[in-house]
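Those protein sequences? They're chains A and B, same order as listed. Per this note's numbering, the very first residue in the first sequence carries number 5; after that it's consecutive. Per this note's numbering, the very first residue in the second sequence carries number 5; after that it's consecutive. In what follows, a structure is listed as C-alpha cells, so that the remarks can point back to it.
Number of protein chains: 2
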Amino acid sequence: MRASTGNGDQEQDRDGGGRPRAGRRGPRPAGAATISRVAEAAGVSRATVSRVMNGSPTVSPELVARVRAAAEALDYAPSPAARRLALGRTGTIALIVPDLGNPLFQGVLRGLSQAAGKAGRQLLVAESDEDPEEEVILALEARRNSDGLVLASPRAPAERLCSIGERLAPFVLVYREVPGLGAPSLSIDNAAGVRDLVAHLTGLGHRRLAYLAGPPGSAGNAERLAALRAAAPGLELTVLPCGSMFDDGHAAAPAVVGCGASAVVGFNDMVASGALTGLRELGVGVPEDVSITGFDDIPFARYTTPPLTTVSIPKSELGRQAWERLWALMNGESGGYNVRYQPRLLVRGSTGPAPSR
Amino acid sequence: MRASTGNGDQEQDRDGGGRPRAGRRGPRPAGAATISRVAEAAGVSRATVSRVMNGSPTVSPELVARVRAAAEALDYAPSPAARRLALGRTGTIALIVPDLGNPLFQGVLRGLSQAAGKAGRQLLVAESDEDPEEEVILALEARRNSDGLVLASPRAPAERLCSIGERLAPFVLVYREVPGLGAPSLSIDNAAGVRDLVAHLTGLGHRRLAYLAGPPGSAGNAERLAALRAAAPGLELTVLPCGSMFDDGHAAAPAVVGCGASAVVGFNDMVASGALTGLRELGVGVPEDVSITGFDDIPFARYTTPPLTTVSIPKSELGRQAWERLWALMNGESGGYNVRYQPRLLVRGSTGPAPSR
DNA sequence: GTGAAAGCGCTAACAA
DNA sequence: TTGTTAGCGCTTTCAC
Chain A
5 MRASTGNGDQ
15 EQDRDGGGRP
25 RAGRRGPRPA
35 GAATISRVAE
45 AAGVSRATVS
55 RVMNGSPTVS
65 PELVARVRAA
75 AEALDYAPSP
85 AARRLALGRT
95 GTIALIVPDL
105 GNPLFQGVLR
115 GLSQAAGKAG
125 RQLLVAESDE
135 DPEEEVILAL
145 EARRNSDGLV
155 LASPRAPAER
165 LCSIGERLAP
175 FVLVYREVPG
185 LGAPSLSIDN
195 AAGVRDLVAH
205 LTGLGHRRLA
215 YLAGPPGSAG
225 NAERLAALRA
235 AAPGLELTVL
245 PCGSMFDDGH
255 AAAPAVVGCG
265 ASAVVGFNDM
275 VASGALTGLR
285 ELGVGVPEDV
295 SITGFDDIPF
305 ARYTTPPLTT
315 VSIPKSELGR
325 QAWERLWALM
335 NGESGGYNVR
345 YQPRLLVRGS
355 TGPAPSR
Chain B
5 MRASTGNGDQ
15 EQDRDGGGRP
25 RAGRRGPRPA
35 GAATISRVAE
45 AAGVSRATVS
55 RVMNGSPTVS
65 PELVARVRAA
75 AEALDYAPSP
85 AARRLALGRT
95 GTIALIVPDL
105 GNPLFQGVLR
115 GLSQAAGKAG
125 RQLLVAESDE
135 DPEEEVILAL
145 EARRNSDGLV
155 LASPRAPAER
165 LCSIGERLAP
175 FVLVYREVPG
185 LGAPSLSIDN
195 AAGVRDLVAH
205 LTGLGHRRLA
215 YLAGPPGSAG
225 NAERLAALRA
235 AAPGLELTVL
245 PCGSMFDDGH
255 AAAPAVVGCG
265 ASAVVGFNDM
275 VASGALTGLR
285 ELGVGVPEDV
295 SITGFDDIPF
305 ARYTTPPLTT
315 VSIPKSELGR
325 QAWERLWALM
335 NGESGGYNVR
345 YQPRLLVRGS
355 TGPAPSR
C-alpha cells in the first residue's frame, strides 16, 4: 500500500507562493532532484535510473544515454542518506583519538585520511579530550554512523574495551595492543626503542639517567618506563613525573638539574624539547653537560637546537595500515596478524659523551 | 558534470581483484533492533516509540516507562541512517582543508571538533593535499553528507568558489575572504600583523629585510607580501622564494646570507624556524647577526633557540567561531559580519638590534 | 533488458 | 494521549 512514491502527487507549490523556508523545516532540500524525477524525465523506471547511476552493465546503451542526459539536465545526484538506508552502508569510516593536538595522532589522522580518501571513503573524526570513557562513548556513537573505525585509546581500561568490542567491529586499534580484544592492533615496540636509546646513551658513557615520565595511565608511558628499568640494570635511574607537552618538559628542567643525571630520556619529543629549552635557559649545555633524547620523531625534532636525538615511529604509516586492515575486515576477511612497528634510532645533536667527572 | 557522483566509481573496486565489496551484504545489520520490534514488545505503535525516543512530552508516563523498558531490553537505538533520511538532516558538519599537517588547519580542526562535539554534532574531515580543485570536489561531496561545512581553501580561485557557493551553503570560509561569496568568512588581518612586525624590526634599526615567501597562489602569502611592500617604503626588501615547510626555510638559509639582509621575515613559523636552524648551522648568529620573525605562533615557536619572534593568530578560536557561525546559518539566521582577527605581536629572542656596521 | 513493487527504519501530519 | 498512514529517496528481488 505504499507503492509509487511521491510521484503521483502533483505538487501545487512549485515555485509560486510560500517563500522557501530557510531553516531545515521539511526533509526536502528544496532544490534536489530525485531519482523519480529523473526517471520521469528519461521516460524510464526508477530501477533503471538506479542501475545506470550504479553502472550496472545490464542496461541498453540507449537507455543509459537517456538517463545520463536527464540526470545531467536535472543536475541529479543520488541522495547519500537514502543510499545509506537502502544499502545499510555509510561509505564512511571513523577515527577516535584522545587529542588532536598530539602529533602522534595527527600522523595517524593524515595517513588514514589519505588512504580512505583514495578509496572514496569519508572520514569522521572525534576527539575525547583525553577522557578514556568519553573515547568509548564517541567510538560507539561514531561507529553507528560509519562502516568501521580506528580507535586510539591509550588509557581506556582493557576490560572496558573488551566489553564493547563486539559493537565496535569492524575496527582496528592503534598504538596499543589489547589481548583478547577481537581486533587487529597496530602498535609500536616501545621496549625496542628504549633499548636502542639506552644502548646509545651507555655507549656514550652515561650511567645516571633521568626519565621524564609521560601521563600516568598511558600505555605507552608504562611500556617505555618498564623497558627503561629492564634495560638499565647497572644504571642509576631517576623517574621524574612530567607529562606529554612542551610545557611539562620545560617545567621539569630544574628537577633534571637537581637529580644530577647526565642524560635525560624524555617520554616523547615534546617533553624532551621542552626540557632541552629549559635546560639551556638554566645555563646547562646540551649535550656537553646533559644529553637529551626524545621519542616519536615529530617534525619539529629536527629543528631544535641542537637537533633532538630520538627514535622514529611510523605515524602516518599506522594510519595507512589501519585503513588496509579495516578494509580487509569490512570485506569479511580476517584481521591478519597484529603488528608492532620497530622504531628507528635517530642520532642527532642532543646527545654526546657523558661529561668526564 | 556531476550527476553520477561517485556512484559509478563506487562499484569498480579500486583495489583490483574481484574482492568482495565492502559493507554488509544485506541492509540488515543482523542484530540491530528496530523501532517496530520495540513497538511490538512494548505493545504500542511505532509513533509512540518514536515520540519516547525523541523525548516528546505528550506521552503518558506509563507508556514512556514501557517503551523505555522495551528499548533497554532489546538494546535499541534508533538507526542514524533512517533518521537522516526521514529528517533530511545528518547531525554532521564537514571541514575541508588543504593539509592536515599544517598547524594552522590543525588549530581550526581542534576548535571546530570541540565546539561541534559539545553540540552533539559529528565532524567529517577531508584534506585536498593542497590541490585547490580537489578542495572544491571534496567540499561538494562532503556537503551532501552533512548539514553545513567549514572550508579552508587558500588557493582556489575566487570565481570557482563563487560558482559553487550556492551548493555549499550553509558554510563558512576560514583564513580567507571572498567578496561576493555568500558566506561569512573568518580571516586574519595579515597586513596588520606584518605592520607590527615591520615596526618592531625598524625600531630595532633594521633597514634591509628579506622575505621568505610562501607558496605562490596562497592568499595569505599574497597579503603578507603586499603588506610588507607597503609597510616598508624606506626599506630595502629582497623576496626569496621559499615555501611553507621547515625544510623550505632551512634550504633558504644560504640565500638569506647571500642577500645581505639583517632581518628575515618568514612567511610562517615553520619556514622561519627552518631558516633559523639553517642560519645557525652556517655560523650566523641569531639575533646578533640576523634577526628572524615568523607568523602564526605555532606551539613550537616558543621552543626554538632562540625562541621565535612572531605574530600570534587565534587558530582554534577560528574553529570555534566557525561553528558558531555555521550553527547560526543552519538555523536560518543571517551569517553576521565577516571578521578579521588582529594578530598579536609576540616579541621573543629571535629578533634584536641591527648589527651596527 | 526493464519495470513493478516491496522494503530499508524512522518521522510527522492527521485522525480518533 | 495514541495510532494510522504516508512518505523520506534509493536498491533490489522477481516477473515479464
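No residue lacks a Cβ here, since even glycine has one placed at the ideal position from N, Cα and C.
DSSP state of Pro245/A mapped onto helix, strand, coil:
Counting from 1 along the first sequence, the entry for residue 245/A is found at position 241. Looking at Pro245/A - three-state DSSP - the assignment turns out to be strand.
Note down, in chain order, every chain A residue with its Cβ under 7 Å from the Cβ of Pro245/B.
Working through the second sequence from its first residue, we reach residue 245/B at position 241. Those within 7 Å of Pro245/B in chain A number zero; the least Cβ separation is about 20 Å.
Is it buried or exposed for Glu15/A, if we count other Cβ within 10 angstroms and need 16 for buried?
One-based indexing of the first sequence puts residue 15/A at position 11. The predicted model places Glu15/A with a pLDDT of 32, which falls under 50 and marks its position as unreliable, so this point remains unresolved.
Secondary structure at Ala332/A, three-state DSSP: helix, strand or coil?
For this step, residue 332/A is matched to residue 328 along the first sequence. If DSSP states are grouped into helix, strand and coil, Ala332/A belongs with the helices.
So if I threshold CB-CB distances at 9 Å, which residues from the segment 268-286 of chain A count as touching chain B?
Met274, Ser277, Gly278, Leu280, Thr281, Arg284
Helix, strand or coil for Gly30/A, going by three-state DSSP, please let me know.
As a working mapping, residue 30/A is identified with position 26 in the first sequence. In this prediction, Gly30/A has a pLDDT of 43, which is less than 50 and means its spatial position is unreliable; what the coordinates show is noted afterwards. The answer is coil: DSSP assigns Gly30/A none of H, G, I, E or B.
Using only the alpha-carbon positions, how far apart do Leu244/A and Val288/A sit?
For the purposes of this step, residue 244/A is identified with residue 240 of the first sequence, where counting begins at 1. For the purposes of this step, residue 288/A is identified with residue 284 of the first sequence, where counting begins at 1. Distance between the alpha carbons of Leu244/A and Val288/A is about 18 Å.
Helix, strand or coil for Leu127/B per DSSP?
As a working note, residue 127/B is residue 123 in the second sequence. DSSP places Leu127/B in strand when its eight states are reduced to three.
Please report how far the alpha carbon of Ser189/B lies from the alpha carbon of Gly340/A, in whole angstroms.
What you label residue 189/B is simply residue 185 of the second sequence in a count that begins at 1. What you label residue 340/A is simply residue 336 of the first sequence in a count that begins at 1. So the alpha carbons of these two residues sit roughly 47 Å apart.
Does the segment 98-108 of chain B touch the segment 128-147 of chain B, meaning 3 or more C-beta pairs lie closer than 8 Å?
yes
If you draw a straight line from the C-alpha of Ala143/A to the C-alpha of Thr94/A, how long is it?
Stepping through the first sequence from its first residue, residue 143/A is reached at position 139. Stepping through the first sequence from its first residue, residue 94/A is reached at position 90. Using only the alpha carbons, I get a separation of about 16 Å.
Using 8 Å as the limit for Cβ to Cβ distance, is Glu131/A near chain B?
In the first sequence, residue 131/A corresponds to position 127, counting from 1. Yes, Glu131/A counts as interfacial toward chain B.
My understanding is that Thr314/A touches Asp301/A, with C-beta atoms under 8 Å, so please give their C-beta distance in whole angstroms.
Here residue 314/A refers to the residue found at position 310 of the first sequence. Here residue 301/A refers to the residue found at position 297 of the first sequence. Indeed they touch by this definition, with Cβ atoms about 5 Å apart.
Coil, strand or helix - Arg348/A by DSSP
Taking the first residue of the first sequence as 1, we reach residue 348/A at position 344. Arg348/A: strand per DSSP, three-state reduction.
Hey, how far is the Cα of Phe109/A from the Cα of Tyr215/A?
As a working note, residue 109/A is residue 105 in the first sequence. As a working note, residue 215/A is residue 211 in the first sequence. Cα-Cα distance, rounded: 23 Å.
In whole angstroms, give me the CA-to-CA distance for Glu328/A and Gly47/A.
Reading the first sequence from its first residue, position 324 is the one you call residue 328/A. Reading the first sequence from its first residue, position 43 is the one you call residue 47/A. If I take the Cα positions, the gap works out to 42 Å.
Please identify the residue among Arg180/A, Trp331/A, Ile296/A, Asn272/A whose C-alpha is closest to the C-alpha of Pro107/A.
On the first sequence, position 103 is the one that residue 107/A refers to. Ranking the options by Cα distance to Pro107/A, first place goes to Asn272/A.
Taking only beta-carbon positions, decide if Ser117/B is within less than 8 Å of chain A.
Counting from 1 along the second sequence, the entry for residue 117/B is found at position 113. Output row for Ser117/B: interface = yes.
Count the other C-beta atoms from every protein chain shown that fall within 10 angstroms of the C-beta of Thr297/B, then say buried if there are 16 or more, exposed otherwise.
If you number the second sequence from 1, residue 297/B lands on position 293. So Thr297/B ends up on the buried side.
When burial is assigned at 16 or more other CB atoms within 10 Å of the CB, is Thr96/A buried or exposed?
Start at 1 with the first residue of the first sequence, and residue 96/A comes out as number 92. Thr96/A comes out buried.
Nearest candidate by alpha-carbon position, reference Arg344/A, set Asp251/A, Tyr179/A, Gly356/A:
Indexing the first sequence from 1 puts residue 344/A at position 340. Answer by Cα proximity: Tyr179/A.
Starting from the Cα of Arg70/A, find the closest Cα among Ala81/A, Ala85/A, Asn58/A, Thr52/A and give me that residue.
The count along the first sequence starts at 1 and reaches residue 70/A at position 66. Selected option, being the one with the closest Cα: Thr52/A.
Return the CA-CA distance between Trp227/B and Gly184/A, expressed in angstroms with no decimal places.
As a working note, residue 227/B is residue 223 in the second sequence. As a working note, residue 184/A is residue 180 in the first sequence. The sequence shown places Glu at residue 227/B, not Trp. Cα to Cα, the separation comes out at about 56 Å.
Rounding to the nearest angstrom, what Cα-Cα distance links Pro161/B and Glu139/B in this structure?
As a first step, residue 161/B must be located in the second sequence, where it is residue number 157. As a first step, residue 139/B must be located in the second sequence, where it is residue number 135. About 11 Å.
Please say whether Val154/B and Leu330/B have beta carbons closer to each other than 8 Å?
Locating residue 330/B in the second sequence gives position 326, counting from the first residue. Locating residue 154/B in the second sequence gives position 150, counting from the first residue. Yes, they are a contact pair.
Could you compute how far the alpha carbon of Met57/A sits from the alpha carbon of Ala86/B?
Translated into positions along the first sequence, residue 57/A becomes position 53. Translated into positions along the second sequence, residue 86/B becomes position 82. If you take the alpha carbons of Met57/A and Ala86/B, they lie about 22 Å apart.
Ala81/B versus Arg41/B: straight-line alpha-carbon distance, rounded
On the second sequence, position 77 is the one that residue 81/B refers to. On the second sequence, position 37 is the one that residue 41/B refers to. Near 12 Å, if we compare the C-alpha coordinates of Arg41/B and Ala81/B.
With 8 Å as the threshold, decide whether the Cβ of Arg397/B is near any Cβ in chain A.
With chain B running from 5 to 361 in the structure shown, residue 397/B is simply not present.
Do Arg199/B and Ala235/B come within 8 Å of each other at the CB atom, strictly closer than that value?
The residue labelled residue 235/B in the question sits at position 231 within the second sequence. The residue labelled residue 199/B in the question sits at position 195 within the second sequence. Contact: yes.
Beta-carbon proximity check, Glu292/A vs Gly356/A, cutoff 8 Å:
The count along the first sequence starts at 1 and reaches residue 292/A at position 288. The count along the first sequence starts at 1 and reaches residue 356/A at position 352. Against a cut-off of 8 Å, the Cβ pair of Gly356/A and Glu292/A comes out as a contact.
Beta-bridge partners of Ile296/A, as assigned by DSSP
Counting from one through the first sequence, the residue named residue 296/A turns up at place 292. In the DSSP output, where bridge partners are listed per residue, Ile296/A has Val268/A.
Would Tyr341/B count as contacting chain A if we go by Cβ distances under 8 Å?
Translated into positions along the second sequence, residue 341/B becomes position 337. It does not; no Cβ of chain A falls within 8 Å.
Are there 16 or more other CB atoms within 10 angstroms of the CB of Pro347/A, so buried, or fewer, so exposed?
Your numbering for residue 347/A matches position 343 in the first sequence. Buried.
By DSSP's criteria, Phe175/B is part of a beta bridge. Which residues make up the other side?
Taking the second sequence and counting its residues from 1, one reaches residue 175/B at position 171. Its beta-bridge partners are Leu153/B.
Identify the contact partners of Asn149/A in chain B, using a Cβ-Cβ distance below 7 Å as the criterion.
Taking the first sequence and counting its residues from 1, one reaches residue 149/A at position 145. Within chain B, the residues near Asn149/A are Pro84, Gln126.
If you draw a straight line from the alpha carbon of Arg114/A to that of Arg55/B, how long is it in whole angstroms?
Within the first sequence, numbered from 1, the residue matching residue 114/A stands at position 110. Within the second sequence, numbered from 1, the residue matching residue 55/B stands at position 51. Answer to the nearest angstrom: the Cα atoms are 41 Å apart.
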